[in-house]
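Asks: There's a structure below that I have some questions on.
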Amino acid sequence: MAKKKIESREDVSLLVNTFYGKVRKDTLLGPIFNGIITDWETHLELLTDFWETNLFFKRKYFGNPMHAHIEVDKKVGGTINELHFGTWINLWHQTIDELFEGETANIAKNRARNMGTFIHLNIFNARNETSKKPE
């Protein structure tokens with residue numbers, strides 16, 4: 373299959389659906405995602421909105437990914453760590469490289485890496501806030 377540029381919502385949807393197909397089968401990430409997400413069809417549409425907003429600046433996503441990831445970490449007992457984020461980023465890059473090329477593909481890689489770092493740090497900050505007890 374020839375690689376193409378990421379140019380439309382359909383391209384973003386292909387990326388998101390292919391990527392999360394891998395995530396769901398991954399031995400580390402699958403149990404977390406499959407244990408929490410019950411309506412994959414709706415979730416994949418939401419993630420397509422998120423990435424379409426991020427890549428094309430079409431305001432379709434209005435959620436709070438930071439809050440969502442902090443809540444997921446709480447649900448799994450504060451066990452999300454750098455290995456989870458590294459695996460997620462590696463699968464994201466692998467999926468992009470399999471399907472796409474060009475500037476928007478590179479932007480998608482960089483934005484995912486930056487978001488992963490930001491979310492990772494905020495999850496740990498939220499844990500610290502929760503563990504601080506008033507004197």
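Sequence positions in the sequence shown follow our numbering and run 373 to 507.
Backbone N, C-alpha and C fix where the C-beta goes; we use that ideal spot for every residue, glycine too.
Under DSSP, the alpha helix (DSSP H) around G458 begins and ends at which residues?
Replies: G458 -> alpha helix (DSSP H) spans E454 to L471.
Asks: Is D421 buried or exposed, if buried means 16 or more other CB atoms sit within 10 Å of its CB?
Replies: By the 10 Å Cβ count, D421 comes out buried.
Asks: With respect to the alpha helix (DSSP H) encompassing V444, which residues constitute its N-terminal and C-terminal limits?
Replies: Unbroken alpha helix (DSSP H) run through V444: P437 to K447.
Asks: Would you kindly work out how many angstroms separate the C-alpha atoms of D445 and F496, rounded to a whole number?
Replies: The alpha-carbon atoms of D445 and F496 are separated by roughly 9 Å.
Asks: Out of R381, N482, T489 and K377, point me to the one whose CA is closest to L455's CA.
Replies: The shortest Cα separation from L455 among R381, N482, T489 and K377 belongs to T489.
Asks: With distances taken Cα to Cα, identify the nearest neighbour of F391 among I404, E501 and H465.
Replies: Checking every option, the nearest Cα to that of F391 belongs to H465.
Asks: Taking 9 Å as the threshold (C-beta atoms), are I409 and F472 in contact?
Replies: Contact: no.
Asks: Can you look up K430 in the DSSP assignment and give me helix, strand or coil?
Replies: Looking at K430 - three-state DSSP - the assignment turns out to be coil, as it is neither helix nor strand.
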